[in-house]
Structures are given as structure tokens and as C-alpha cells.
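Peer 1:
Residue numbers (our numbering): 4 to 81.
1. Tell me which residue opens and which closes the alpha helix (DSSP H) that residue 73 is part of.
2. For a test of the three-state rule: what should DSSP assign to residue 35, helix, strand or coil?
3. Measure the CB-CB distance between residue 50 and residue 58 and report whether it falls below 8 Å.
4. For residue 23, which option in 48, 79 and 76 has the closest C-alpha, if you only look at C-alpha atoms?
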């Protein structure tokens with residue numbers, strides 16, 4: 004399976020709020036998404052049709068980014 008990307012998107016995270024949202028789609032099916040940014044200026048990654056393994060891969064990628072960011076901050080302090 005592949006991701007459906009609707010247009011090329013680059014987002015600079017800065018200190019934007021990050022949250023999970025749970026809702027129902029227009030057909031009443033439950034849905035879940037990761038939302039980055041403020042209402043009206045946000046990016047959403049919907050995981051409704053994703054397997055738990057795919058969501059775990061997303062979590063691992065975020066953990067790698069967190070580790071990279073910590074290393075960069077340590078270099079800037081030194």
C-alpha cells in the first residue's frame with residue numbers, strides 16, 4: 004500500500020501544536036488523524052486506513068527526528 008499525497012507539501016513545524024483528532028467521516032465511519040498546526044492553518048495525516056505497523060513506523064520516524072534534534076541542540080550549545 005502507498006500513501007495518498009494530495010499535492011506536494013512542506014511544513015516547518017516550529018512550535019506548532021500537535022494533537023490527535025478522532026471523528027466520523029461523512030458516511031459515519033470512525034476516523035483518526037494526527038494534526039499539526041492551528042485550526043485553519045494545519046496539516047493532517049489521516050491514519051484511519053493504516054495498519055498498526057504503519058503507525059508504529061511513523062512513531063519510530065518521529066523518534067528518530069527527536070533524537071536528531073537533540074543532537075543538533077547539543078552541537079549548538081557546545
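Even glycine gets a Cβ: it sits at the ideal position worked out from N, Cα and C.
Peer 2: With the given structure in hand:
1. 55-80
2. strand
3. yes
4. 48
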